[in-house]
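Read through the structure below, which is laid out as structure tokens, and then see the notes.
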Amino acid sequence: MGKITREAAQQTTKNTDDAQDELIEMSDGTRDYLLSDAGVERIMRGLSDSYENWRDCPVKRCRRARRCQGPDMVCQLKEPRLNAPPEEIARINDRMRQIALRRLERLGVW
Numbered sequence: 001m002g003k004i005t006r007e008a009a010q011q012t013t014k015n016t017d018d019a020q021d022e023l024i025e026m027s028d029g030t031r032d033y034l035l036s037d038a039g040v041e042r043i044m045r046g047l048s049d050s051y052e053n054w055r056d057c058p059v060k061r062c063r064r065a066r067r068c069q070g071p072d073m074v075c076q077l078k079e080p081r082l083n084a085p086p087e088e089i090a091r092i093n094d095r096m097r098q099i100a101l102r103r104l105e106r107l108g109v110w
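Numbering (UniProt numbering) for the sequence shown: 1 to 110.
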């Protein structure tokens with residue numbers, strides 16, 4: 001992926017707040033990236049960052065970086081903990097993935 005596409009993807013993730021309802025113009029490369037697993041994970045982490053979930057995250061690297069480092073969204077659990085059952089983590093990751101995909105759909109990415 002070229003630098004322009006990555007920068008456009010970063011701008012798109014910044015523009016994904018709830019108040020925005022207008023469609024974003026983007027290249028096919030940016031659209032493909034945002035719909036890829038890596039792009040959806042980036043949106044998920046961006047959503048988590050916007051609510052500063054890293055503050056209560058049990059993952060040290062997230063707190064140290066002051067942003068979500070992923071890949072699992074442990075911070076979204078009712079009681080964030082590292083030893084959560086894999087099924088619970090999978091359920092949370094699926095829920096966040098659906099939220100990210102709905103956000104991309106609303107922005108006109110797909």
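The beta carbon of each residue, even a glycine, is placed where N, CA and C say it ideally should be. Since we're looking at a predicted model, the values are computed, not measured.
Using CA atoms only, rank isn't needed, just tell me which of I43, R42 and P80 is closest to K60. Within the sequence shown, residue 60 is the residue found at index 60, counting from 1. The candidate whose alpha carbon is nearest that of K60 is P80.
Note the first and the last residue of the continuous alpha helix (DSSP H) segment covering K78. Residue mapping note: residue 78 aligns to position 78 of the sequence shown, counting from 1. For K78, there is no enclosing alpha helix (DSSP H), since its DSSP letter is neither H nor E.
Cβ-based burial, L107 [other Cβ within 10 Å; buried from 16]: Residue 107 sits at position 107 when you count from the first residue of the sequence shown. Buried, since its Cβ has 16 or more Cβ neighbours within 10 Å.
Chain-order list of residues whose beta-carbon lies under 8 Å from that of M96 (same chain, five-residue window excluded): As a first step, residue 96 must be located in the sequence shown, where it is residue number 96. Answer for M96: M44, L47, S48, M73 and Q76, listed in chain order.
Best match in L82, G70, N83 and E87 for proximity to V40 [C-alpha to C-alpha]: On the sequence shown, position 40 is the one that residue 40 refers to. The residue among L82, G70, N83 and E87 with its C-alpha nearest the C-alpha of V40 is G70.
Helix or strand or just coil, what does DSSP make of Y51? Within the sequence shown, residue 51 is the residue found at index 51, counting from 1. In the three-state reduction of the DSSP assignment, Y51 falls in the coil class, being assigned neither a helical nor a strand state.
Excluding sequence positions up to five away, which residues of its chain have a Cβ less than 6 Å from the Cβ of R31? As a first step, residue 31 must be located in the sequence shown, where it is residue number 31. Cβ neighbours of R31 beyond the five flanking positions: V109.
Straight-line gap, L101 to K78 (C-alpha atoms, nearest Å): What you label residue 101 is simply residue 101 of the sequence shown in a count that begins at 1. What you label residue 78 is simply residue 78 of the sequence shown in a count that begins at 1. Rounded to whole angstroms, the separation of the alpha carbons of K78 and L101 is 22 Å.
Cutoff 6 Å; reference R64; Cβ partners in own chain excluding five residues on either side: Your numbering for residue 64 matches position 64 in the sequence shown. If we look at R64 and ignore the five residues flanking it on each side, it has no Cβ neighbours.
Please state whether DSSP places G70 in a helix, a strand or coil. The residue labelled residue 70 in the question sits at position 70 within the sequence shown. Note: G70 maps to coil in three-state DSSP.
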